[in-house]
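Asks:
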Amino acid sequence: METNCKDHFSSLNSQFGQVIEDSFSSNQGSKLVELFQFSDDLNTWTELLKDGTDCTILISAIQEFELGFQAVVSGQYRYSFLAQRYFLEQICRFIYLSTNELHLRHWKLGLRDISWGSLVDKENGIFSKIFIRAFYSEVESEGDHLITIASKLYRESSEFIHGNFNKIEELPNSIEFNTSLLERWIDFMETSRFLALFLLFMRFSKDIEGHDLNKIEEMAREELGGIVEFNLLFAS
């Protein structure tokens with residue numbers, strides 16, 4: 101019995117390995133390599149913030165990103181979308197709770213639940229004008245547009261998680277490479293990356309010491325270059 105069980109999972113491991121090879125040798129391989137750099141970017145933010153901010157949720161988000169990446173390159177597509185959505189939730193939750201010590205403590209104690217709806221609430225959520233104005237007023241006009249993007253991404257990710265029939269049909273019944281699902285996940289995660297970096301820059305960049313700004317400048321120019329107001333950070 102033990103040998104059969106071990107052989108079963110050894111066989112699965114071999115199949116995962118083949119899908120990993122197929123994923124990186126596909127036409128999406130270069131995008132995967134580039135996207136994985138995002139893990140280093142997030143770790144840079146953790147290092148910059150850890151002395152003044154509770155980074156427990158941010159670290160959880162980084163772990164979820166890496167687990168999702170592992171899942172998608174090995175053909176575990178449903179779980180990769182689950183991880184991608186949870187990553188998005190955790191980043192948004194981190195930003196939201198970084199502004200309220202009481203809510204953070206209550207959340208840690210299990211006394212408060214931070215729903216997705218409260219995170220993206222148009223009046224008081226993390227993309228609302230009143231929230232953005234408090235930390236980086238120059239980009240408050242971006243909020244309405246980004247609520248739409250974040251809500252659409254969350255909804256589309258959820259379709260893979262909740263077992264919608266058309267999504268079940270898309271998911272393979274065996275461990276095999278699927279280029280369309282890989283492309284979809286990369287698209288979802290690239291959007292998640294953009295939203296995450298916008299939120300991190302909006303919430304924290306004005307508090308970063310001048311001598312540390314060079315550590316995040318490339319992120320701003322490469323990923324947020326279309327939002328010119330962030331370039332003001334590096335003008336001097």
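If you use the numbering used here, the sequence shown corresponds to residues 101 to 336, in order.
Just so it is clear, CB atoms sit at the ideal spot from N, CA and C, and this is done for glycine as well.
All figures in this text were calculated on a predicted structure; none of them were measured in a lab.
#1: Tell me the DSSP secondary structure of GLU223 in three-state form.
#2: Can you find at least 3 beta carbon pairs, one from the segment 233-249 and one from the segment 311-320, that sit closer than 8 Å?
#3: Could you check whether GLU256 and PHE294 sit closer than 9 Å to each other, using their CB atoms as the reference points?
#4: For LYS229 and GLU223, I'd like the C-alpha separation in whole angstroms.
#5: Taking Cβ to Cβ, would you say PHE304 is nearer than 9 Å to ALA320?
#6: Quick check on ASP312: buried or exposed, where buried means 16 or more other Cβ atoms within 10 Å of its Cβ?
#7: Should SER180 go down as buried or exposed, given a rule of 16 or more other Cβ atoms within 10 Å for buried?
#8: Return the Cβ separation of LYS306 and TYR236 in integer angstroms, given the expectation that the two are a contact with Cβ distance under 8 Å.
#9: Is the separation between the beta-carbon of VAL173 and that of SER123 shorter than 9 Å?
#10: Output the boundary residues of the alpha helix (DSSP H) element that contains ASP141.
#11: Please confirm whether GLU270 and SER280 have their CB atoms less than 9 Å apart.
#12: Establish whether the CB of LEU219 and some CB of chain C are separated by less than 9 Å.
#13: Using the Cβ count rule (16 or more neighbours within 10 Å means buried), how would you classify ALA171?
#14: If you run the structure through DSSP and keep just helix, strand and coil, what is PHE277?
#15: What does the alpha-carbon distance come out to for the pair GLN111 and SER292?
#16: Taking Cβ to Cβ, would you say CYS192 is nearer than 9 Å to ALA250?
#17: My output table needs one value for SER174: the three-state DSSP class, helix, strand or coil.
#18: With H, G and I counted as helix, E and B as strand and the rest as coil, what does DSSP make of THR103?
#19: Note down the Cα distance separating TRP285 from ASP221, rounded to an integer number of angstroms.
#20: Distance check for TRP216 and GLU189, CA to CA, integer angstroms please.
#21: Taking the beta carbon of GLU309 as the centre, do at least 16 other beta carbons fall within 10 Å, making it buried, or is it exposed?
#22: At what residues does the alpha helix (DSSP H) containing SER251 begin and finish?
Replies: Taking the definition as stated:
#1: coil
#2: Touching, no.
#3: no
#4: 8 Å
#5: no
#6: exposed
#7: buried
#8: 6 Å
#9: Yes, Cβ-Cβ distance for VAL173 and SER123 is below 9 Å.
#10: Following the DSSP letters along the chain, one finds ASP141 inside the alpha helix (DSSP H) bounded by residues 129-149.
#11: yes
#12: The question asks about chain C, but that chain is absent: this structure has only one protein chain.
#13: buried
#14: coil
#15: Rather than Gln, the amino acid found at residue 111 in this sequence is Ser. Computed Cα separation, rounded: 33 Å.
#16: yes
#17: Coil at SER174, not helix or strand.
#18: For THR103, the secondary structure class from DSSP, reduced to helix, strand or coil, is helix.
#19: 25 Å
#20: 7 Å
#21: Burial state of GLU309 is exposed, judged by a 10 Å Cβ sphere holding fewer than 16 other Cβ atoms.
#22: 243-261
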